[in-house]
Amino acid sequence: MKPSLASPIDDEDLLTEILLRLPARPSSLTRASLVCKLWRRLVTDPQFLRRFCAHHREPPAIGVFLNFYRGDLSFRSVLDPPDSIPPEKFSVQLTDGIEDGGVWSFRRCRHGRVVFTSGDHLGTGCRQVLVWDPVTGDRSRIGSPPPQLDHDWSTSHVQAEVLCVAGDKDHVHGACHSSPFKVVLVCGDRSVARACVYSSETGTWGEIISTAIPYSPLSCVGIGSRSILLGNSLYWIIFGCKIAILELDLDTQRLAVIKVPPDAHVGHHGIYLSKLGGGLGFIVVSDDYVAQLWVRMTDFDGVAGWIPAQTIELGKLLPLRPREWTNLQTVLGVAGEDNVIFVSTNSGVFVVHLESMQLKKFFESNPFADCSTSTIHLFTSFCAAGSMLVNI
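Here the UniProt record's numbering is used: position 334 in the sequence shown is 334, and no number is missing along the way.
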């Protein structure tokens, strides 16, 4: 009698390779973990989860944080069942631990974490910083930053960023929940931009970093709230009499200003940073909802400059009937790191993927109909077995 051949799925190495190729959807590994004890052991192994993230590279968009002008923050999944994430899964109550009647303000989400800052009821001063992991529920409260950043927010626009210490390229190879993180605070004050970096590894704030920025006594200088991370450098739009881009190199701890062509932003509805094509760029949305991409290129002599690239007519791209063309309300923002544009209309909220030129309707009803100054922030994640999620 011939011995029976073992099933291929009994080979753990082969089974692991098969499981790595499951779709990067929240339900994929959860369902696989329910097959048997062996599958559950494999897909919940931290090393497998790191390989799963590295194999797929780009995590799916699982939802958005809606940051309303009145201060409310809510999460909405953008996936269909069984992959949709219940809003209560990523809910947070931030009513404790703030001194002097302060309030928490949502600032940014990146690499699976969300950062908040607090000020008093007048919006002045950066008193505290809070880093929240929506998946595990962990919170890290950070002490007061250096006094040089304790400005009036109405003029200095203190912005906050959070990122994995491993940076933009290598963080997929680690478990971001347990990995150390950095918090960056940046502000513009008259003719100077300042930044400071906090490290969770040392539990301390670094030295103040500063650089001169374009300034006019007739206008206020502000730092845009949306940044992009390229390699290990962060970029923000500087608003004022002239628009420019502020760069913080986290390796060298230096700030620099990158000039923008003056004719690139004349009569714009909005200007947003982009990394479409893998490099630094910005998108200008005109009043007639035409999005023009500009990219920064380096010539043979090593001199960097800006050139106009693709043009996107948002009004024609959206599936609006002729009578609905007047319903195009506003561009809620550009998720520069994910290369998508959010467009709010009376017919709902659409997301336009700039690389594929595909669009999707996120919401049938517009949650921003009465809150045009509110913002939307994309949250991307790899979801692993059970209640464990591995975020990017």
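We put the beta carbon where it would ideally sit given N, CA and C, even for glycine.
>> Assuming contact is defined by CB atoms lying nearer than 8 Å, are A304 and L293 in contact in what I supplied?
In response: no
>> Buried or exposed, going by whether 16 or more other CB atoms sit within 10 Å of the CB of C164?
In response: If you draw a 10 Å sphere on the C-beta of C164, you find 16 or more other C-beta atoms in it, and that means buried.
> What is the DSSP secondary structure of K37, counted as helix, strand or coil?
Replying inline: helix
>> DSSP three-state label for I18, please.
In response: Helix, per DSSP.
>> Looking at the secondary structure, which residues open and close the alpha helix (DSSP H) in which G315 lies?
In response: 314-317
> For F75, which of V115, A24, V92, W205 has the nearest alpha-carbon?
Replying inline: Closest by alpha carbon: V92.
> What separation, rounded to the nearest whole angstrom, lies between the Cα atoms of R41 and P60?
Replying inline: 24 Å
> With burial defined as no fewer than 16 other Cβ atoms inside 10 Å of the residue's Cβ, what is the status of G101: buried or exposed?
Replying inline: Below a pLDDT of 50, predicted positions are generally treated as unreliable, and G101, at 48, falls in that range; no measurement from the model is reported.
> Do L273 and Y235 have their C-beta atoms closer together than 8 Å?
Replying inline: yes
>> Cutting at 8 Å between CB atoms, please list the residues of its own chain near W17, excluding the five before and the five after it.
In response: Note that residue 17 is Glu in the sequence shown, not Trp. None.
>> On the DSSP bridge list, what partners appear for C164?
In response: According to the DSSP secondary-structure assignment, C164 is paired through a beta bridge with F181.
>> Does R25 come out as helix, strand or coil in the three-state DSSP assignment?
In response: coil
> Ordered along the chain, which non-local residues of its own chain (more than five positions away) have a Cβ less than 7 Å from that of M298?
Replying inline: The question names Met, but residue 298 is Thr in the sequence shown. Here the set comprises A304.
> Which ranges would you report for the beta strand (DSSP E) in the stretch 57-88 if only whole runs of at least 3 residues count?
Replying inline: 61-67, 73-77
>> Let's see if you can read the secondary structure: which residues bound the beta strand (DSSP E) around H111?
In response: Where H111 is concerned, there is no enclosing beta strand (DSSP E), given that its DSSP letter is neither H nor E.
> How about V352 and F362: do their beta carbons lie closer than 8 Å?
Replying inline: no
> According to DSSP, what are the bridge partners of M297?
Replying inline: G305
> If you check the beta carbons only, do V260 and I283 fall under 8 Å apart?
Replying inline: no
>> Can you give me the C-alpha to C-alpha distance between R190 and P145, rounded to a whole angstrom?
In response: When only Cα atoms are considered, R190 and P145 end up about 20 Å apart.
> In chain order, what residues of the same chain have a beta carbon less than 7 Å from the beta carbon of S27, not counting five sequence neighbours either side?
Replying inline: P82, D83
> Looking only at its own chain, which residues have a Cβ that is under 7 Å from the Cβ of A24, when we skip the five neighbours before and after it?
Replying inline: H56, P59, P60, F382
> Since S210 sits in a beta bridge, which residues does DSSP pair it with?
Replying inline: R194
>> Between the alpha carbons of I228 and R31, how many angstroms are there, rounded?
In response: 34 Å
>> I'd like to check one pair, I62 with L73: are the Cβ atoms closer than 8 Å?
In response: no
> Which same chain residues, not among the five before or five after W39, have their C-beta less than 8 Å away from its C-beta?
Replying inline: L15, L19, A32, S33
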